[in-house]
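**Q** Just so we're aligned: the sequence shown equals residues -19 to -1, 1 to 166 in mature numbering (1 follows the signal peptide of the UniProt record, and there is no 0).
Note that the Cβ used here is the ideal one computed from N, Cα and C, for glycine as well.
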Amino acid sequence: MKKTPFALLLLVFSTTFFACSSKDSRPKIQTTYIGDNAPVQETWNAEVTFSDSGRVKAILHIKHSAQYRRRNLDEREIDGGFRVDFYNRQGEFTTVLTAERAKIHPSNDMEAFENVVITSNDSTIVRTDYMKWSHNEQKISSNKFVTITKPNEVLRGYGFESDQNMKHYRIFRASGETTIEDDTK
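#1: Can you tell which of T24, A19, T75, T76 has the C-alpha that lies nearest to the C-alpha of I59?
#2: Using beta-carbon positions only, say whether A93 and R108 come within less than 9 Å of one another.
#3: Kindly indicate the opening and closing residues of the beta strand (DSSP E) around Q22.
#4: Let me know the secondary structure DSSP gives R154 once reduced to three states.
#5: What does S123 pair with, by DSSP beta-bridge criteria?
#6: Given that a residue counts as buried once 16 or more other Cβ atoms are within 10 Å of its Cβ, and exposed if not, what is N146?
#7: On the three-state DSSP scale, how would you describe Q71?
#8: To the nearest angstrom, how far is it from the Cα of N102 to the Cα of E73?
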């Protein structure tokens, strides 16, 4: 009778031991190399907030974004259209930038491409095919053809730079039209 519990214990131990064998029972995962140009991350319908010391500087609304690792740096490409809302130091909305595509560099500088439109809260509208926003300088610039429309004037030129609030801007190689009111009436 004393051998029965020992035999039962030996049976349980050996079953447990062989059940935990070194044979890998995890499912095999099939991997496929898709190349160095594939994104490491993708995002759809997202909102990204750029801030400094707790103050919101800009909010980016995107439809699709893909993050790529190039030369050990992450770069984000946006397509499908996007919008950036800019804010001043007091947190007040000042400007909106829209475009079809963009690249965000590791420095948080952004380049916008195709149908770029910047609208400020004083109704100034800038249209171009390329625009760059410098995160550190808080400036917007372009080296392409630009049209600036204000309530009483239209300016055109090649090259443009401005603060992100569109309060102080310069247009290069400019031409334009303006309305001058006749004071003699």
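**A** Quick look at the numbers:
#1: T24
#2: no
#3: 22 to 33
#4: coil
#5: F141
#6: buried
#7: coil
#8: 10 Å
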